[in-house]
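Inspection log for the structure reproduced underneath, given as structure tokens.
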Amino acid sequence: MSSGSSSISAPPVGLGNQPVLEVTDLAVRFTRRGEADTRAVDGVSFSVAPGETIGLVGESGCGKSVTSLAVMGLLPKRNVQVSGSVRLDGQELVGADAETLRGLRGADMAMVFQDPLSSLNPTVPIGTQVTEVLLEHRDMTRKEAVDEAARLLDRVGIPDPLRRLKEYPHQLSGGMRQRALIAMALSCSPRLLIADEPTTALDVTIQAQILELLRELVVDSGTALVMITHDLGVVAGLCDRVHVMYAGKIIETADRHELFARPRQPYTGGLLASVPRLDSPRGAPLTPIRGSARDTIAWADGCAFAPRCDSAQDDCLTEVAGSTVELVPDGPRRELRCRHPIEYPPAPAGATAPGAAR
Amino acid sequence: MTAMGDVKRRRIDELAARAGAVPEGEGGVSLTRSAFRRLRRDPVAIIGAVIVITFLVVAAFAPFLAPRDPLAQTLLSEIRPGNIPGAREGFPLGVDNLGRDILSRLIWGSRQSLMIGVVSTVLGVVVGMAFGVLAGAFGGWVDTVVMRFIDIVLSIPSLLMAISISVLLGQNQYALMIAIAVTQVPIFARLLRGSMLAQRNSDYALAAQALGVKKSRIVFGHVLPNSLSPVIVQATLSLATAIIEAAALSFLGLGDPDLARPEWGAMLANAQAFLSIRPELAVYPALCIIVVALGFTLLGESLREALDPKFRR
Amino acid sequence: MTATATPADQRGEPLLRVQGLKVHFPIKRGIFVDRTVGHVRAVDGVDLSIDRGTTYGLVGESGCGKSTLGRAILRLVEPTAGSVVFDGTDVAALRGEPLRKMRRRMQMVFQDPLGSLDPRQNVESLLSEPLRAHGLDGGNAGIAAHIRTLLDAVGLPVAALRRYPHEFSGGQRQRIGIARSIALEPDLLIADEPVSALDVSVQAQVVNLLEELQERLGLTYLVIAHDLAVVRHISDVVGVMYLGSLVEQAPADDLYEEPLHPYTRALMSAVPVPDPVVEGSRERILLAGDLPSPANPPNGCRFHTRCPWRQETRCDDEVPVLRELAPARFVSCHWAEEIRDGVLRPKAPEEVAAIQGVHVAATGVGPVETDALVQGIDQPIERT
Numbered sequence: 001m002s003s004g005s006s007s008i009s010a011p012p013v014g015l016g017n018q019p020v021l022e023v024t025d026l027a028v029r030f031t032r033r034g035e036a037d038t039r040a041v042d043g044v045s046f047s048v049a050p051g052e053t054i055g056l057v058g059e060s061g062c063g064k065s066v067t068s069l070a071v072m073g074l075l076p077k078r079n080v081q082v083s084g085s086v087r088l089d090g091q092e093l094v095g096a097d098a099e100t101l102r103g104l105r106g107a108d109m110a111m112v113f114q115d116p117l118s119s120l121n122p123t124v125p126i127g128t129q130v131t132e133v134l135l136e137h138r139d140m141t142r143k144e145a146v147d148e149a150a151r152l153l154d155r156v157g158i159p160d161p162l163r164r165l166k167e168y169p170h171q172l173s174g175g176m177r178q179r180a181l182i183a184m185a186l187s188c189s190p191r192l193l194i195a196d197e198p199t200t201a202l203d204v205t206i207q208a209q210i211l212e213l214l215r216e217l218v219v220d221s222g223t224a225l226v227m228i229t230h231d232l233g234v235v236a237g238l239c240d241r242v243h244v245m246y247a248g249k250i251i252e253t254a255d256r257h258e259l260f261a262r263p264r265q266p267y268t269g270g271l272l273a274s275v276p277r278l279d280s281p282r283g284a285p286l287t288p289i290r291g292s293a294r295d296t297i298a299w300a301d302g303c304a305f306a307p308r309c310d311s312a313q314d315d316c317l318t319e320v321a322g323s324t325v326e327l328v329p330d331g332p333r334r335e336l337r338c339r340h341p342i343e344y345p346p347a348p349a350g351a352t353a354p355g356a357a358r
Numbered sequence: 001m002t003a004m005g006d007v008k009r010r011r012i013d014e015l016a017a018r019a020g021a022v023p024e025g026e027g028g029v030s031l032t033r034s035a036f037r038r039l040r041r042d043p044v045a046i047i048g049a050v051i052v053i054t055f056l057v058v059a060a061f062a063p064f065l066a067p068r069d070p071l072a073q074t075l076l077s078e079i080r081p082g083n084i085p086g087a088r089e090g091f092p093l094g095v096d097n098l099g100r101d102i103l104s105r106l107i108w109g110s111r112q113s114l115m116i117g118v119v120s121t122v123l124g125v126v127v128g129m130a131f132g133v134l135a136g137a138f139g140g141w142v143d144t145v146v147m148r149f150i151d152i153v154l155s156i157p158s159l160l161m162a163i164s165i166s167v168l169l170g171q172n173q174y175a176l177m178i179a180i181a182v183t184q185v186p187i188f189a190r191l192l193r194g195s196m197l198a199q200r201n202s203d204y205a206l207a208a209q210a211l212g213v214k215k216s217r218i219v220f221g222h223v224l225p226n227s228l229s230p231v232i233v234q235a236t237l238s239l240a241t242a243i244i245e246a247a248a249l250s251f252l253g254l255g256d257p258d259l260a261r262p263e264w265g266a267m268l269a270n271a272q273a274f275l276s277i278r279p280e281l282a283v284y285p286a287l288c289i290i291v292v293a294l295g296f297t298l299l300g301e302s303l304r305e306a307l308d309p310k311f312r313r
Numbered sequence: 001m002t003a004t005a006t007p008a009d010q011r012g013e014p015l016l017r018v019q020g021l022k023v024h025f026p027i028k029r030g031i032f033v034d035r036t037v038g039h040v041r042a043v044d045g046v047d048l049s050i051d052r053g054t055t056y057g058l059v060g061e062s063g064c065g066k067s068t069l070g071r072a073i074l075r076l077v078e079p080t081a082g083s084v085v086f087d088g089t090d091v092a093a094l095r096g097e098p099l100r101k102m103r104r105r106m107q108m109v110f111q112d113p114l115g116s117l118d119p120r121q122n123v124e125s126l127l128s129e130p131l132r133a134h135g136l137d138g139g140n141a142g143i144a145a146h147i148r149t150l151l152d153a154v155g156l157p158v159a160a161l162r163r164y165p166h167e168f169s170g171g172q173r174q175r176i177g178i179a180r181s182i183a184l185e186p187d188l189l190i191a192d193e194p195v196s197a198l199d200v201s202v203q204a205q206v207v208n209l210l211e212e213l214q215e216r217l218g219l220t221y222l223v224i225a226h227d228l229a230v231v232r233h234i235s236d237v238v239g240v241m242y243l244g245s246l247v248e249q250a251p252a253d254d255l256y257e258e259p260l261h262p263y264t265r266a267l268m269s270a271v272p273v274p275d276p277v278v279e280g281s282r283e284r285i286l287l288a289g290d291l292p293s294p295a296n297p298p299n300g301c302r303f304h305t306r307c308p309w310r311q312e313t314r315c316d317d318e319v320p321v322l323r324e325l326a327p328a329r330f331v332s333c334h335w336a337e338e339i340r341d342g343v344l345r346p347k348a349p350e351e352v353a354a355i356q357g358v359h360v361a362a363t364g365v366g367p368v369e370t371d372a373l374v375q376g377i378d379q380p381i382e383r384t
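Residue numbers (full-length UniProt numbering), protein chains in the order written: chain A, 1 to 358; chain B, 1 to 313; chain C, 1 to 384.
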């Protein structure tokens with residue numbers, strides 16, 4: 001469990017800054033009476049530097065959303081155990097009292113959720129919801145807050161912001177709502193923005209608008225962005241560094257270009273080989289990963305992906321190898337949790353290998 | 001190398017097979033069964049069930065459990081205005097103003113109270129569901145007509161309705177049951193109709209239609225069974241209200257004209273004249289009513305949770 | 001192999017020919033008596049045809065009417081106008097029992113595999129229901145044998161028979177849904193977002209299964225999806241829908257090589273590609289604003305409010321027809337040739353928004369009235 005933090009905390013080249021967010025060995029356990037404990041997140045470590053975008057990628061149930069909620073301190077207190085360390089600008093958040101967290105949320109760290117409609121209060125006009133945040137965290141008069149809110153809406157590309165401020169969430173389209181949420185998240189220029197599947201509920205053309213908006217924000221304001229998604233395409237266009245998660249653990253970490261050019265974990269390779277690409281020649285068959293996310297074994301017993309993995313061998317199991325599968329450094333700025341990774345012929349670097357998995 | 005690999009991953013394949021494409025065990029777990037499993041694990045449900053079963057057993061075996069004849073008047077010599085004898089040997093809860101054993105009357109009374117509650121609720125459910133199915137299955141103008149009628153019934157205060165029916169049908173226990181049932185009808189009709197309309201728009205109903213399944217089969221084979229959960233929950237909760245309402249009507253003197261027949265509501269009404277001398281006389285039947293109603297309510301609430309689709313896995 | 005479109009082609013009668021199909025949902029208001037105060041034009045005049053054994057892919061964003069179109073073909077919603085000729089019979093005119101019999105030959109795969117399976121039925125009952133409904137395979141033994149073949153065809157173990165839908169994973173549920181839809185040995189299978197509710201790693205399994213079944217059973221598919229990559233992968237011909245009508249139709253490869261309609265271009269460029277090199281280099285056409293309300297679609301070309309290539313003439317007031325620009329390539333744009341040849345250049349989205357500012361509002365993206373109207377619709381226009 002102790003690997004992780006030391007090797008991946010290096011910020012991207014050129015930005016000699018301290019990381020905004022440093023997560024070390026984060027674990028979340030759900031304990032419900034009468035049921036076995038579930039480890040939703042298990043020993044996850046990563047860090048984000050100012051102006052950097054990282055991606056947490058995985059399928060439903062892999063623990064990516066729980067990770068983000070744990071970082072924000074939004075998990076319920078009952079039946080949930082959070083351990084490890086989450087540092088925002090050096091300040092420890094795990095175990096911090098509710099008041100401190102509330103002060104940080106909205107001001108220093110903000111989150112954008114998947115479903116913009118249910119994240120907004122349906123009975124309160126957009127304007128009130130935006131100004132609320134401003135009044136809470138920034139020393140402003142109501143008048144200033146309204147002006148600022150209008151400016152924020154304008155910045156995220158909502159036309160006619162003064163009129164929109166008076167409207168209710170259901171009067172806005174899905175894309176507009178997500179913009180409004182982003183505007184709220186940005187109202188206090190947070191150092192950290194977590195976006196949990198921000199475009200999954202939206203159409204592609206709207207998704208493109210929102211992604212463009214996020215891209216601009218990171219460049220303009222130096223906000224650290226954690227992008228949580230299942231969509232490899234979104235990651236490819238947006239994230240500097242990618243962490244692939246499976247069954248609560250990070251199984252592969254790499255810079256974007258490296259990851260897509262030479263995925264090492266068979267799961268990452270499998271994911272890339274199983275999605276049809278708009279730009280690949282037609283007729284190329286898809287190579288699915290067999291089984292479903294249910295076909296898993298506990299990490300304590302071996303690699304959770306082994307039952308679905310084509311490269312798996314018996315030493316992927318703890319009882320055979322005598323130890324659990326650890327996340328270990330795998331070349332420059334890469335980490336890998338796999339005993340039988342995909343191998344590549346030594347030479348060509350940078351070449352893309354769609355489907356190179358097998 | 002592949003041959004080696006094949007041999008080497010045998011144990012993982014075994015594990016994978018065990019983790020399984022299809023869950024283990026013989027036979028699937030239907031929704032009803034999985035709901036029942038959840039129910040059995042819920043302490044609230046167990047408490048509710050224990051209360052309800054206790055009272056049902058007491059009612060069923062009243063003749064054997066009651067220590068005395070509930071109608072026999074004893075200790076008459078000690079009863080005079082301003083004094084009713086309290087608990088003593090042989091009369092663990094004392095006697096009422098006519099010298100009848102309270103414990104025996106409570107035990108016999110459970111029969112009457114539970115029967116009125118159950119019969120009236122069953123009646124209400126059956127009639128209400130009939131209206132509900134009519135509206136939910138046909139929709140359109142049938143729905144409109146049925147629902148307007150139900151709305152009218154719903155707009156009359158239930159107690160007033162029950163009193164009018166009691167007056168109309170004469171004072172007997174059947175009138176009481178019908179009166180309570182009528183007040184329940186709109187609830188079940190509305191509930192079932194709403195639930196059916198929601199289910200009718202569901203994907204599986206559409207899928208059945210696309211498969212060419214006959215309309216009657218879609219409504220009665222798919223939509224109706226899936227719409228019953230809220231009705232079942234509400235019926236359990238209604239049992240509690242029915243018992244309370246029966247007691248209330250008896251209390252108002254609209255219950256069984258045979259005053260000798262023990263019934264909790266009537267006992268409560270009878271006791272109010274002696275509240276200053278022996279408040280226990282009112283406390284005991286009231287307590288019975290409250291506990292039984294609580295039992296049904298607890299059971300109903302945990303049923304609601306157990307049948308909630310959110311908990312399906 | 002390739003399917004064709006409107007009348008031009010003469011290579012035998014297509015399996016399905018849809019002409020002038022319209023589905024309008026009335027918007028009702030009123031306390032005592034419902035008055036119709038307007039219509040949502042979910043599908044507004046669509047022509048398409050699908051050849052036997054081919055796959056027609058229908059793409060578009062939510063609210064464009066693609067699902068309603070699929071359902072109208074199956075008569076799960078009533079078409080307002082137009083004809084749906086399936087193997088020589090006009091399905092749109094059928095009623096009662098003949099319609100029910102006809103359903104045997106046209107089946108549907110739903111988006112939400114859990115929602116489309118009755119939670120109280122086990123797999124055996126789910127799969128035998130269509131057989132019993134159509135009186136097929138007389139006798140229980142025949143049905144049991146048939147069900148086993150079906151399970152085998154979709155790759156589920158026999159042990160699944162006694163299980164209930166909630167006991168399966170998403171991918172397995174979709175297999176059950178597919179098994180049920182092929183139980184009656186239909187000719188046409190309409191798959192409405194067959195993989196969008198599934199995990200990424202499982203989507204490919206289902207896509208492959210659909211392809212395999214098509215090959216084995218000679219099925220004809222209409223695949224409806226918002227995911228352009230999936231549609232292109234599986235289809236021979238792709239139709240792009242926008243606000244209730246087809247804006248472009250082309251063989252799948254050509255569509256990607258050279259999209260002709262401005263909307264198709266924008267759609268293509270918006271689909272993220274899981275490759276940072278491609279993502280970093282390709283041209284991105286961002287659209288301004290959102291989809292206008294189908295209750296009050298724009299005049300002229302319906303896309304003109306968001307179109308980066310909109311011209312001062314024709315676009316605002318003249319409805320473009322779907323015309324054959326090149327063999328098998330249909331497009332409904334007045335300026336398709338000029339755009340293709342690069343004579344016209346696209347404007348930036350900000351510019352489009354500025355020009356259309358008033359317009360966009362007038363056609364009702366945001367204003368109170370239209371949104372409230374849409375909420376009053378009897379049936380959902382689209383589920384996504």
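We treat Cβ as the ideally placed atom computed from N, Cα and C, and that holds for glycine. Given the structure is predicted, the values throughout are model-derived calculations rather than measurements.
{"query": "Touching by the beta-carbon criterion (3+ pairs, under 8 Å), the region 250-261 of chain C and the region 230-242 of chain C", "result": "yes"}
{"query": "Within-8 Å CB hit, Leu192 of chain B to chain C", "result": "no"}
{"query": "Range of the contiguous alpha helix (DSSP H) that encloses Met140 of chain A", "result": "Careful: Met140 of chain A lies outside any alpha helix (DSSP H) and carries neither H nor E."}
{"query": "CB contact check: Arg358 of chain A to chain C, cutoff 8 Å", "result": "Residue placement at Arg358 of chain A cannot be trusted, given a pLDDT of 39 that sits under 50; the coordinates are not used to answer."}
{"query": "Burial state of Leu165 of chain A, where buried means 16 or more other Cβ atoms lie within 10 Å", "result": "buried"}
{"query": "Proximity test, Cβ basis, 8 Å: Ile297 of chain A and chain C", "result": "no"}
{"query": "Length of the line joining the Cα atoms of Gln111 of chain C and Asp203 of chain B", "result": "9 Å"}
{"query": "C-beta contact flag for Asp228 of chain A and Glu258 of chain A at 8 Å", "result": "For clarity, residue 228 of chain A is Ile in the given sequence; the question names Asp instead. Against a cut-off of 8 Å, the Cβ pair of Glu258 of chain A and Ile228 of chain A comes out as no contact."}
{"query": "Interface partners of Phe110 of chain C on chain B, CB under 8 Å", "result": "Asp203, Leu206 and Ala207"}
{"query": "Chain B contact for Leu69 of chain C (CB, 8 Å cutoff)", "result": "no"}
{"query": "Contact set between Leu31 of chain B and chain F, taken where Cβ atoms lie within less than 9 Å", "result": "No chain F is present in this structure, whose protein chains are A, B and C."}
{"query": "Chain-ordered neighbours of Gly136 of chain B on chain C, where CB pairs are closer than 7 Å", "result": "Under the 7 Å cutoff, chain C gives no residues; its nearest Cβ is about 16 Å from Gly136 of chain B."}
{"query": "Contacting residues, own chain, Cβ-Cβ under 6 Å from His261 of chain C (five flanking each side not counted)", "result": "Val247, Glu248, Val331 and Cys333"}
{"query": "For Val182 of chain B, the nearest candidate out of B:Asn201, B:Asp151 and B:Ala208 (CA to CA)", "result": "B:Asp151"}
{"query": "Beta-carbon neighbours of His230 of chain A, restricted to chain C and to distances below 7 Å", "result": "Val200"}
{"query": "Alpha-carbon spacing of Asp69 of chain B relative to Leu281 of chain B, whole angstroms", "result": "18 Å"}
{"query": "Amino acids of chain A, ordered along the chain, whose beta-carbon sits closer than 8 Å to that of Val208 of chain C", "result": "One detail in the question is off: residue 208 of chain C reads as Asn in this sequence, not Val. Here the neighbours are Pro285, Leu286 and Pro288."}
{"query": "Identity of the residue in C:Arg75, C:Val154 and C:Gly342 nearest Glu212 of chain C by Cα", "result": "C:Val154"}
{"query": "Outcome for residue 361 of chain A when other beta-carbon atoms lying within 10 angstroms are tallied against a minimum of 16", "result": "Examination of residue 361 of chain A is not possible in this model, given that chain A is present from 1 through 358 alone."}
{"query": "Unbroken stretches of the alpha helix (DSSP H), 4 residues or longer, contained in the region 40-119 of chain A", "result": "64-72, 98-104 and 116-119"}
{"query": "Beta-carbon neighbours of Ala208 of chain A, restricted to chain C and to distances below 9 Å", "result": "Ala266, Ser269, Ala270, Val271, Pro272, Arg284, Ile285, Leu286 and Leu287"}
{"query": "Separation of Asn299 of chain C from Val358 of chain C, as counted between CA atoms", "result": "With a pLDDT of 39 at Val358 of chain C, under the threshold of 50, the modelled position of that residue is not reliable, and the figure given next carries that caveat. The alpha-carbon atoms of Val358 of chain C and Asn299 of chain C are separated by roughly 14 Å."}
{"query": "Exposed unless 16 or more other CB atoms sit within 10 angstroms - verdict on Pro159 of chain A", "result": "buried"}
{"query": "Every unbroken alpha helix (DSSP H) within the region 128-155 of chain C, with a cutoff of 4 residues, ordered by chain", "result": "140-154"}
{"query": "Neighbourhood of Trp264 of chain B by C-beta distance below 6 Å, restricted to the same chain and skipping five residues each side", "result": "Gly109, Ser113, Ala247, Pro285, Cys288 and Ile289"}
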